[in-house]
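J.: Quick note: the sequence shown uses numbering that gives the first Met the number 0, first residue 0, plus one each step.
Glycine included, every Cβ here is placed at the ideal spot set by N, Cα and C.
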Amino acid sequence: MMPKEIITLDQVLPHRDTMRWLDRLLSHDENTVVAEALVRESHVLAVDEGVPAWAGIEYMAQAIATWAGCRALANKEPIKIGFLLGTRKYECSREFFHIGQRLLIHAHCELFGDNGLGMFSCKIFDGDAVIATASLSVYEPPNGADFLTSNSK
Numbered sequence: 000m001m002p003k004e005i006i007t008l009d010q011v012l013p014h015r016d017t018m019r020w021l022d023r024l025l026s027h028d029e030n031t032v033v034a035e036a037l038v039r040e041s042h043v044l045a046v047d048e049g050v051p052a053w054a055g056i057e058y059m060a061q062a063i064a065t066w067a068g069c070r071a072l073a074n075k076e077p078i079k080i081g082f083l084l085g086t087r088k089y090e091c092s093r094e095f096f097h098i099g100q101r102l103l104i105h106a107h108c109e110l111f112g113d114n115g116l117g118m119f120s121c122k123i124f125d126g127d128a129v130i131a132t133a134s135l136s137v138y139e140p141p142n143g144a145d146f147l148t149s150n151s152k
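(1) Since L102 contacts Q61 with CB under 8 Å, what's their CB separation in whole angstroms?
(2) With distances taken from CA atoms, which of N114, E29, K88 is nearest N74?
(3) CA-CA distance, F119 and A106?
(4) Using three-state DSSP, classify A34 as helix, strand or coil.
(5) Identify whether I98 lies in helix, strand or coil by the three-state DSSP scheme.
(6) Quick check on the burial criterion: 16 or more other C-beta atoms within 10 angstroms. Buried or exposed for E139?
(7) Determine the direct distance from the alpha carbon of E35 to that of G49, and round the result to whole angstroms.
(8) With a cut-off of 8 Å on the beta carbons, I'd call R87 and I130 a contact; round off their distance for me.
(9) Please name the residue, chosen from G55, G117, H27, that lies closest to V38 on a Cα-to-Cα basis.
(10) What is the DSSP secondary structure of M1, counted as helix, strand or coil?
(11) Are there 16 or more other CB atoms within 10 angstroms of the CB of G68, so buried, or fewer, so exposed?
(12) Where I78 and D47 are concerned, what is the direct C-alpha to C-alpha distance, given to the nearest angstrom?
(13) Do you know offhand how far G112's Cα is from L84's?
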């Protein structure tokens, strides 16, 4: 049996520099992805208390983008631009993610249509404790660059 190929975030996540909030892809399969993020003082949203808890939605969205990138890589397709359409029931037991805190972000695909619309259930863990949950709706158009250009007129 051949070992599973190690996939890096650079291969599957288009976010770069200060806009990339994830540090490591831990696991992925057909429906689920688990990523890790270390909350840093240099984070674009960091204040003295840490990173505001509402930023958890973006951590979740980047995990979904990572899942989509893994799917594209497996299908030998280019990485596509995706859009966060909305979130439902975001709940976080913290006001801030603290500097130095290691977050595990789980995203599970509940449905993903041929039209590019998807729904994911997401959780953020601090160790074994679930500290944030939400359902995120996303859209992955067939050609994101064309979609942006045609809708900017």
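T.: Per the coordinate set shown:
(1) Not quite, the Cβ-Cβ distance comes to about 11 Å (not below 8 Å), so this is no contact.
(2) Considering only alpha carbons, the answer is E29.
(3) 6 Å
(4) strand
(5) In the structure shown, I98 sits in coil (DSSP, three-state: anything other than H, G, I, E or B).
(6) buried
(7) 17 Å
(8) About 18 Å; that fails the 8 Å criterion.
(9) G55
(10) Confidence at M1 is low in this model, with a pLDDT of 45, below 50, so the placement of that residue should be treated as unreliable; the coordinate-derived value is given next. Coil, per DSSP.
(11) buried
(12) 36 Å
(13) In this structure, the straight-line span from the alpha carbon of G112 to that of L84 is close to 14 Å.
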